[in-house]
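Structure first, commentary second.
2 protein chains.
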Amino acid sequence: MKQPDATRLVDVAAAAGVSLATASRAMTGGTGVSDELAEHVRAIAERLGYVPNLHARGLAGGLVSSIGLVVHEIGDPYFAEIASGVLHRASLAGQSVQITHADRDPRSELTQVNALMMQRVGSIIIAGSGYTDPALEAPLGDALAQYRTRGGRVAVIGRHHLDVDAVLPDNHAAGVSVATHLTGLGHRRIGVIAGPLGLNTVSDRLDGLRSVFDSTGVHVTVVSHSFTREGGIDGTNALLDRGSPVTAMVALNDAMALGVLRALRQRGMRVPEDVSVAGFDDIAVVSDVAPALTTARIPMAEMGAQAVALILRAEADEPRRISMGHELIVRASTAAPPD
Amino acid sequence: MKQPDATRLVDVAAAAGVSLATASRAMTGGTGVSDELAEHVRAIAERLGYVPNLHARGLAGGLVSSIGLVVHEIGDPYFAEIASGVLHRASLAGQSVQITHADRDPRSELTQVNALMMQRVGSIIIAGSGYTDPALEAPLGDALAQYRTRGGRVAVIGRHHLDVDAVLPDNHAAGVSVATHLTGLGHRRIGVIAGPLGLNTVSDRLDGLRSVFDSTGVHVTVVSHSFTREGGIDGTNALLDRGSPVTAMVALNDAMALGVLRALRQRGMRVPEDVSVAGFDDIAVVSDVAPALTTARIPMAEMGAQAVALILRAEADEPRRISMGHELIVRASTAAPPD
DNA sequence: CTGAAAGCGCTTACAG
DNA sequence: CTGAAAGCGCTTACAG
Numbered sequence: 001m002k003q004p005d006a007t008r009l010v011d012v013a014a015a016a017g018v019s020l021a022t023a024s025r026a027m028t029g030g031t032g033v034s035d036e037l038a039e040h041v042r043a044i045a046e047r048l049g050y051v052p053n054l055h056a057r058g059l060a061g062g063l064v065s066s067i068g069l070v071v072h073e074i075g076d077p078y079f080a081e082i083a084s085g086v087l088h089r090a091s092l093a094g095q096s097v098q099i100t101h102a103d104r105d106p107r108s109e110l111t112q113v114n115a116l117m118m119q120r121v122g123s124i125i126i127a128g129s130g131y132t133d134p135a136l137e138a139p140l141g142d143a144l145a146q147y148r149t150r151g152g153r154v155a156v157i158g159r160h161h162l163d164v165d166a167v168l169p170d171n172h173a174a175g176v177s178v179a180t181h182l183t184g185l186g187h188r189r190i191g192v193i194a195g196p197l198g199l200n201t202v203s204d205r206l207d208g209l210r211s212v213f214d215s216t217g218v219h220v221t222v223v224s225h226s227f228t229r230e231g232g233i234d235g236t237n238a239l240l241d242r243g244s245p246v247t248a249m250v251a252l253n254d255a256m257a258l259g260v261l262r263a264l265r266q267r268g269m270r271v272p273e274d275v276s277v278a279g280f281d282d283i284a285v286v287s288d289v290a291p292a293l294t295t296a297r298i299p300m301a302e303m304g305a306q307a308v309a310l311i312l313r314a315e316a317d318e319p320r321r322i323s324m325g326h327e328l329i330v331r332a333s334t335a336a337p338p339d
Numbered sequence: 001m002k003q004p005d006a007t008r009l010v011d012v013a014a015a016a017g018v019s020l021a022t023a024s025r026a027m028t029g030g031t032g033v034s035d036e037l038a039e040h041v042r043a044i045a046e047r048l049g050y051v052p053n054l055h056a057r058g059l060a061g062g063l064v065s066s067i068g069l070v071v072h073e074i075g076d077p078y079f080a081e082i083a084s085g086v087l088h089r090a091s092l093a094g095q096s097v098q099i100t101h102a103d104r105d106p107r108s109e110l111t112q113v114n115a116l117m118m119q120r121v122g123s124i125i126i127a128g129s130g131y132t133d134p135a136l137e138a139p140l141g142d143a144l145a146q147y148r149t150r151g152g153r154v155a156v157i158g159r160h161h162l163d164v165d166a167v168l169p170d171n172h173a174a175g176v177s178v179a180t181h182l183t184g185l186g187h188r189r190i191g192v193i194a195g196p197l198g199l200n201t202v203s204d205r206l207d208g209l210r211s212v213f214d215s216t217g218v219h220v221t222v223v224s225h226s227f228t229r230e231g232g233i234d235g236t237n238a239l240l241d242r243g244s245p246v247t248a249m250v251a252l253n254d255a256m257a258l259g260v261l262r263a264l265r266q267r268g269m270r271v272p273e274d275v276s277v278a279g280f281d282d283i284a285v286v287s288d289v290a291p292a293l294t295t296a297r298i299p300m301a302e303m304g305a306q307a308v309a310l311i312l313r314a315e316a317d318e319p320r321r322i323s324m325g326h327e328l329i330v331r332a333s334t335a336a337p338p339d
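As given, the protein sequences belong to chains A and B, one line each in that order.
For the first sequence, position 130 matches number 130 in the UniProt record's numbering, and the numbering has no gaps at all.
For the second sequence, position 138 matches number 138 in the UniProt record's numbering, and the numbering has no gaps at all.
Below, the structure is given as structure tokens:
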């Protein structure tokens, strides 16, 4: 367990002929050392292959420079792409990233955040939707508030009832875009395959859709299932079994849209001839499915990168909000309704 | 930065009426405490909301219980699925996971591993292919050897020239399965869209294919491009522009296969009527593309979980090898060649 | 600008 | 089985 050979800061200090304190200041870029001396110390450190012990650093100073990223499930392309953006941006800043699964459960989220805090990570990024019910986020909010008083930095991706820096996806507007596209094509009976209505992501996208549908006299049927490919299959079957005649279906994320496509195929319904299908996110694969999916692109990797940018800056008086745009990507899965 | 309120182990010890040493033993499950006393201490700790400071622990004891996972790119479904398996299994064991990008570059890999070591993570899992050239892995091997003498645990996923525990995907056999499937269908002119030939994953799969093709008198054309969807597109165009008439194409991973499908579509060639296509991995999406892809399934998530299982066990005298199976998933993208 | 010293919160020999 | 004490490698007031 011991590493008698590891060179420590004292060794560097001795070799450089300075005190431990000075060596420390030189290495951490702290103020109060002449540039030449600092340069000298760093050269010695380099030559000796000095590697700082982050645990000692963490113990002595408090929080350590690393990021805790809480995702729903890293195997989900939506989160994998966010994580990719986080990792790239973090590595530029020399910060390490620890990833944990929250399984889209408020309690689990709290558990993970507590674990991250106990590890003294310097910042925490929570990716994944907030909940429409503020009460569900209250415990998390308390934990985070306490963490922030200790100097911890926090950023969330998505709309939360949390008083922290946030990167906001354009969910409502994306809903409007998708709805406008569909109504513009002439659809008047539309089915919406939603995820859990308690998620802000779902709620915001749905509201965006509805704002257009309602003012266009579109007949909307909404079914809510799990926010996954399986949920898309179940939702489609539920909707169709119910006998609701629709000419278009909107899945509230691409994972569900993939399920919709699959269910439709199994039922022998053609897309877009019999029914149009649209999704949200533009995860990498949806341009390769058949037919290629029309979807509202959310810049996942960029959101991850922006979240890192937020936590890298000092906390402001007011929580910062970075709004991201979206882009409607029209592909082959949507067309005018059948006559 | 300070947290004057955090309850420390001394506080727990005081409240429990025992010494710091005893409290420590009780909390870490160390031997040498009566069960009752240990139980008592833990109850007090629980009540006080005691959370151990891992940095103090790491400083005092050496390595800390957390896992460093090195992947090529977390946005790539292959690695995202491996990571998912790692995260699930690790959370069961109460270990945190830190993920870093290595960008499929030996030097970057070494840099990442060094960073992980300097953070005193207790174990390191390297996912991603090894290199056919042993020299490329030598520096990494040295770093890892040193790390292991300090008590660090190491496991790799995939074949490496590294003397450590390994989870081995069934690449050669998977190649045999794909080749057998294709020759069985009657294909005699086959194109292989390979990734970099210096990667063991590529080399092993190719060898597997060749062992069958060679003994069946199949005419094989191999092109090598980047191990991505783009590489699949480029490879397909290169192969076809060269005028090599093939009735089937094998991409050495599903990402490339997606590119092949796309390139073929753009050229107006039908799959499988004009040309059959097969891949490797069975990443989640390939069952949804059109036509659904025939592929050799590699159990990514399971490999990740197995790697964690390996590092959780103490090091053995001889490196352990866990061989994973594969499964040929025949879907719509392969059929008999056109007459 | 530089140094001596205290302290961060644990674990682990070393003694009983 | 239990305790007193040293030590892990840093950072940061506190002095000069």
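Ideal Cβ positions, reconstructed from N, Cα and C, are used throughout, including at glycine.
Limits of the unbroken alpha helix (DSSP H) element including residue i
| i | result |
| --- | --- |
| H55(A) | L54 to G61 |
| residue 384(A) | Since the first residue of chain A shown is 1 and the last is 339, residue 384(A) is not available in this structure. |
| H88(A) | P77 to L92 |
| V10(A) | L9 to A16 |
| H181(A) | N171 to L185 |
| L20(B) | L20 to T28 |
| D207(B) | N200 to T216 |
| D117(A) | Here residue 117(A) turns out to be Met, not Asp, going by the sequence shown. That run of the alpha helix (DSSP H) goes P106 to M118. |
Boundaries (first-last residue) of the beta strand (DSSP E) holding residue i
| i | result |
| --- | --- |
| E137(A) | Segment P134 to T149 is the alpha helix (DSSP H) holding E137(A); no beta strand (DSSP E) there. |
| H219(A) | H219 to S224 |
| I44(A) | Where I44(A) is concerned, there is no enclosing beta strand (DSSP E), although the alpha helix (DSSP H) it sits in stretches over D35 to L48. |
| L328(A) | E327 to I329 |
| Q98(B) | S96 to H101 |
| G68(A) | V64 to V71 |
Chain A contact for residue i (CB, 8 Å cutoff)
| i | result |
| --- | --- |
| V289(B) | yes |
| P139(B) | no |
| Q119(B) | yes |
| L59(B) | yes |
| R331(B) | no |
| P272(B) | no |
| P338(B) | no |
C-alpha gap between residue i and residue j, whole angstroms
| i | j | result |
| --- | --- | --- |
| L206(B) | A251(B) | 10 Å |
| V308(B) | R189(A) | 50 Å |
| E302(B) | N114(B) | 26 Å |
| L293(A) | V286(B) | 15 Å |
| K2(B) | G58(A) | Only weak support exists for where K2(B) lies, its pLDDT of 38 falling under 50; the coordinates are left without a value. |
| A145(B) | T111(A) | 35 Å |
| V212(A) | S276(A) | 17 Å |
| D241(B) | G68(A) | 48 Å |
| E327(B) | A174(B) | 7 Å |
| R313(A) | I298(A) | 24 Å |
| V178(B) | T295(B) | 7 Å |
| A263(A) | E315(B) | 48 Å |
| M118(A) | I233(B) | 47 Å |
| V167(B) | T201(B) | 13 Å |
| S84(A) | E73(B) | 7 Å |
| T149(B) | A143(B) | 10 Å |
| M300(A) | I82(A) | 5 Å |
| T28(A) | S91(B) | 33 Å |
Cβ distance (whole Å) where residue i is taken to contact residue j below 8 Å
| i | j | result |
| --- | --- | --- |
| L63(B) | R120(B) | 5 Å |
| G152(B) | I124(B) | 7 Å |
CB contact check: residue i to chain B, cutoff 8 Å
| i | result |
| --- | --- |
| S19(A) | no |
| L144(A) | no |
| P77(A) | yes |
| V156(A) | no |
| E81(A) | yes |
| R25(A) | no |
| V64(A) | yes |
| L182(A) | no |
| L54(A) | yes |
| S244(A) | no |
Anything in the segment 90-101 of chain B with a Cβ closer than 8 Å to a Cβ of chain A? List those residues in chain order, please.
S91, S96, V97, Q98, I99, T100 and H101
Anything in the segment 158-171 of chain B with a Cβ closer than 8 Å to a Cβ of chain A? List those residues in chain order, please.
none
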